[in-house]
Amino acid sequence: MTPSGLRPILEVDRVMKRFGGVTAVDRVSLGLEPGRIYGLIGPNGSGKTTLFNCITGVEQRDEGEIRFKGRRIDGLKPHQIFHEGIGRTFQIIRVFPELTALENLLVVTTNDYAQARERAQELLRFVKLEGLAGEYAGNLSYGQQKLVEFIRVLMTDPELILLDEPAAGVNRTLLNDLLDAVRQLRDRGKTVLLVEHDMKVVMGLCETVFVLDHGEKLAEGPPGVIQTDERVIEAYFGR
Amino acid sequence: MKRWLASAFCVLLLGLALYPMAGTGYGIRFMLQLFMWIALAQSWNLISGLTGYVSFGHIVFFGMGAYTAAILIAKLGWPWLLASLAGGVGAIVLAMVIGWPCLRLKGPYFAISMLGLNEVLRVAVSYFEGLTGGGSGLSLPSLYASVAIYYSMGIVALAVTALAYVVVTSRFGLRLMTIREDEIAAEAMGINTFRYKLYAFLLSAVGPGIVGGLAARDQSYIEPVSVFPLIMTITMIVMVLFGGKGTIWGPVLGAVLLFTLQEMIWSRFIYVHQLLFGAIIVIVVLFMPRGILGVLQQKYNLPRII
């Protein structure tokens with residue numbers, strides 16, 4: 000149960016992941032309530048992306064359980080977890096460069112082609128890229144590729160969206176569009192968990208922030224409280 | 000433009016259909032081998048051009064088809080056309096057995112495993128002498144059927160190209176390409192990459208299997224070294240790279256250009272054509288890794304139907 004007593008949509012329960020002698024994620028537990036935006040922050044190498052990878056099945060956790068809507072998803076393959084309703088973007092852009100922007104979206108859904116096309120066009124308009132639908136994704140600018148990756152996740156309307164550094168390398172105008180888009184998702188009842196280094200973005204967007212340090216969960220709370228937490232400040236800047 | 004191209008294609012097909020009435024024996028045999036190469040290159044393109052999983056032993060399916068058909072013809076007296084189709088089925092079964100473990104391997108490991116499996120099958124065929132004739136080969140009862148084989152090869156080449164068209168222009172084909180582009184992202188976007196690779200692999204085996212059976216009938220004699228040669232796999236790869244991997248017409252273009260060139264050169268200098276192939280690999284990899292049609296497609300943003 001989460002603090003407000005709602006049943007969490009995602010429960011990460013004492014998840015541990017080791018790489019050789021390094022414990023990348025050390026018995027981390029998180030609970031996400033539906034319809035909220037969560038931030039996951041921490042210094043470089045604190046285990047944020049590894050935790051994302053464990054949730055989405057890209058890495059297999061060594062210990063602990065991950066439940067989505069009450070069902071265990073640890074042990075499932077990434078494509079199965081996607082179909083459970085969890086979509087993600089990557090820290091390093093992973094669009095399909097030799098597919099067009101439109102094709103990047105079309106490959107995702109299992110809807111019939113006409114329906115998928117309509118949804119794709121709608122999403123391209125949503126991020127103002129409709130004019131570039133036929134362009135190879137590899138020819139788009141960095142920020143545009145980021146948007147394509149973002150809307151690609153939305154093709155199937157997942158309930159939980161994990162965004163790995165959505166703001167990095169995106170200019171201010173595009174960024175504001177992207178943040179608006181995330182808020183709209185939340186308003187439609189979706190849950191968002193984002194890893195972000197840009198504190199302005201985290202503080203302006205997230206309702207709850209989790210702080211990781213050396214693979215352990217250091218703190219959890221509203222951004223205002225986290226910002227003044229001494230342990231967090233120490234983790235970032237040293238004593 | 001589109002209509003013009005379509006009519007030109009129909010005229011070409013009609014010309015090819017009528018060719019055996021006017022062609023010389025040499026001409027017909029040249030053409031049927033060209034059809035064979037189109038079918039082989041196009042099949043390699045289905046798995047390796049689209050998913051990026053480079054099969055370095057793709058001729059194994061040709062050899063499988065050749066032996067399946069030859070044994071059915073020589074030992075059981077099957078008609079050669081039916082035996083060749085059975086060769087295609089044999090190749091699919093082999094692809095299932097090979098693909099299940101090997102398609103879990105990534106990149107160069109898959110390429111090497113295919114290379115190894117081709118050698119394993121070649122040795123295995125030599126070993127089971129009772130069935131295959133072993134190293135001394137298998138002779139088929141003599142039969143003059145060049146014209147019939149010409150049409151059969153032509154139909155297979157056309158069918159595999161039509162298959163490539165259907166695949167490349169479908170969402171199934173786009174999903175195969177996502178595996179080439181970024182397999183981890185494809186998985187994360189809900190694509191069951193293993194299953195898609197396996198389907199592509201099965202599709203890529205059937206053409207070489209049938210064509211292998213037809214080639215066995217055409218040559219009337221097969222032996223392990225003649226139907227499992229590494230150089231044939233390399234030739235397929237070079238044809239596809241030259242014409243444009245992952246495109247529909249690239250493998251056809253590559254096969255036509257290189258086979259014609261090879262035939263022109265090797266009738267005069269036996270060994271130089273291999274040197275030429277080596278040179279083409281180097282030039283293509285260095286200056287146009289996408290091949291002829293790949294370069295045009297990228298430059299002019301052409302649709303996928305080329």
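Chains as they are written, first to last, in numbering that gives the first Met the number 0: chain A, 0 to 238; chain B, 0 to 305. Virtual Cβ for every residue (Gly too), placed ideally from N, Cα, C.
Sequence-distant Cβ neighbours of glycine 48 of chain B in its own chain, meaning closer than 6 angstroms and more than five residues away, are Val239, Lys244, Gly245. About 7 angstroms separates the CB atoms of glycine 189 of chain B and threonine 155 of chain A; that is less than 8 angstroms, so the two are in contact. A Cβ-Cβ separation of about 7 angstroms places isoleucine 91 of chain B in contact with glycine 208 of chain B under the 8 angstroms criterion. Under the three-state reduction of DSSP, methionine 231 of chain B is assigned to helix. Contacts with chain A at 8 angstroms (Cβ-Cβ) do not include glutamate 128 of chain B. Contact annotation, tryptophan 43 of chain B with methionine 235 of chain B: C-beta distance approximately 4 angstroms; criterion of less than 8 angstroms satisfied.
Comparing C-alpha distances from glutamine 41 of chain B to each of B:Gly86, B:Gly253, B:Thr259, B:Met287 shows the shortest one belongs to B:Gly253. Ranking A:Gly41, A:Val24, A:Pro96 by CA distance to the CA of glutamate 182 of chain B puts A:Pro96 first.
The beta carbon of methionine 0 of chain B does not come within 8 angstroms of any beta carbon belonging to chain A, so the residue lies off that interface.
Counting only runs that start and end inside the segment 136–173 of chain B, the alpha helix (DSSP H) elements of at least 4 residues fall at 145–167. Where aspartate 212 of chain A is concerned, the enclosing beta strand (DSSP E) starts and stops at 207–212. Contact annotation for valine 57 of chain A against chain B: Ile183, Glu186, Ala187 [CB-CB distance below 9 angstroms, chain order]. Residues of chain A with a Cβ closer than 9 angstroms to the Cβ of methionine 176 of chain B are, in chain order, Phe95, Glu97, Leu98, Glu102, Val106. Counting the other Cβ atoms within 10 Å of the Cβ of glutamine 143 of chain A gives 16 or more, which makes it buried.
Restricting attention to A:Glu158, A:Pro77, A:Arg70, A:Val27, the CA atom closest to the CA of glycine 56 of chain A is found in A:Pro77. At least 8 angstroms separates the beta-carbon of aspartate 163 of chain A from that of arginine 60 of chain A. In the DSSP assignment, aspartate 186 of chain A falls within the alpha helix (DSSP H) that extends over 171–186. Non-local beta-carbon contacts of leucine 275 of chain B in its own chain, meaning distances under 8 angstroms to residues more than five positions away in sequence, involve Leu260, Gln261, Ile264 in chain order. Taking all protein chains shown into account, tyrosine 299 of chain B has fewer than 16 neighbouring C-beta atoms within 10 Å of its C-beta and is therefore exposed. CA-CA distance, leucine 81 of chain B to leucine 15 of chain B, rounds to 23 angstroms. Cβ neighbours of histidine 272 of chain B within its own chain (closer than 6 angstroms, five residues either side excluded): Gln261, Ile264, Trp265. Contacts with chain B (Cβ-Cβ distance below 9 angstroms) from the segment 143–169 of chain A involve Glu148, Arg151, Val152, Met154, Thr155, listed in chain order.
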